[in-house]
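Numbering (our numbering), first residue to last: 695 to 779.
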């Protein structure tokens, strides 16, 4: 199973949407809450090429993007192969 990391904030509807999609796919993921900022937020921004919005999603250390990009990847049929890698 792929290693999935998702940086989120509390009460974020886009974060909820992304986590719901991953859950429906049966994927296990690490939810990294950056609601309070700190070093994990700085880590996310660095890994995401300067993007500071949430969610930011990584699968096996590959940058996927946010909720919209994850949903688009799924619509194209590209998400399932990544999850099974």
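Note that CB positions come from ideal geometry on N, CA and C, so glycine has one too. Since we're looking at a predicted model, the values are computed, not measured.
Under the three-state DSSP convention, the category residue i falls into
{"i": "residue 726", "result": "strand"}
{"i": "residue 766", "result": "helix"}
Within 8 Å, strictly: CB atoms of residue i and residue j
{"i": "residue 698", "j": "residue 716", "result": "yes"}
C-alpha gap between residue i and residue j, whole angstroms
{"i": "residue 713", "j": "residue 767", "result": "14 Å"}
{"i": "residue 762", "j": "residue 769", "result": "11 Å"}
{"i": "residue 744", "j": "residue 774", "result": "27 Å"}
{"i": "residue 707", "j": "residue 723", "result": "17 Å"}
{"i": "residue 764", "j": "residue 738", "result": "17 Å"}
Spatial neighbours of residue i in its chain, beta-carbon cut-off 6 Å, leaving aside the 5 residues before and after
{"i": "residue 704", "result": "729"}
{"i": "residue 734", "result": "726, 728"}
Residue i CB to nearest heavy atom of the ligand HEM below 7 Å
{"i": "residue 750", "result": "Of the ligands one can find in the structure shown there are none, so the ligand HEM has no counterpart to examine."}
Contact set for residue i: own chain, Cβ-Cβ below 8 Å, skip 5 residues either direction
{"i": "residue 741", "result": "750, 752, 757"}
{"i": "residue 778", "result": "695, 696"}
{"i": "residue 793", "result": "No answer is possible for residue 793: it lies beyond the span of the chain, which begins at 695 and ends at 779."}
Sequence-distant residues of the same chain with beta carbon closer than 7 Å to residue i, five excluded per side
{"i": "residue 720", "result": "none"}
{"i": "residue 736", "result": "none"}
Practice problem: Pick out the complete beta strand (DSSP E) segments inside the stretch 705–759, 3 residues or longer, and give them in chain order. | Solution: DSSP runs (the beta strand (DSSP E)) wholly in the stretch 705–759: 724–727, 750–753, 756–759.
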